[in-house]
Structure formats: C-alpha cells, structure tokens
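For the sequence shown, our numbering gives the first residue as 11, with consecutive numbering after it. Report on the structure given below.
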Amino acid sequence: MYVCICNGITEKDIYKAVQRGISSLEKLSEVTEISNHCGCCTDFACKVLQEAMASNSCQK
Ligand code: FES
C-alpha cells in the first residue's frame, strides 16, 4: 500500500528503511523524501514508522 503518493513510498519501503537503521520521521524523510511535498502523508507515515520500529525490535 502506498503511504506517500507524491514520492511513491510504500509501507514496505518504510519497513526496509527501519531495518537499515532509520528511527525517526525526520531521517526517513531525508532518505526517501516522504512528507516533503504536500505533507498529506505525514500522520500515516508516522504511524507506519512506529509499527515498523515495534516490529523490528521483536526480530532477532
Ligand atoms: S503524499 Fe507524501 S508528500 Fe504528498
């Protein structure tokens, strides 16, 4: 599912970014440009980022 239409960023992209060490919306935005245009995706991006970080911390 797309999270950011402006930049074509999906939930999978966010999960991959978290696996590479991204742990804040600011950093995610630097790497992917997410929420840097219209900003409509900011709340949803934050929610997916939190889910991805919670999920990542459970992995060995
Ligand atoms: S939908 Fe993400 S910046 Fe527009």
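The beta carbon of each residue, even a glycine, is placed where N, CA and C say it ideally should be. Note that the structure is a prediction, hence the values are computed from the model and not measured.
Check the Cα spacing between Leu38 and each of His47, Cys56 and Cys50: the tightest is with Cys56.
In this chain, the alpha helix (DSSP H) harbouring Cys56 covers Thr52 to Ser67. Put simply, of Thr52, Val13, Gln29 and Gly18 the residue whose alpha carbon is nearest the alpha carbon of Ser65 is Gln29. Cys50 and Ile15 have their alpha carbons spaced roughly 9 Å apart.
Assigned with DSSP and collapsed to three states, Ile24 falls in helix.
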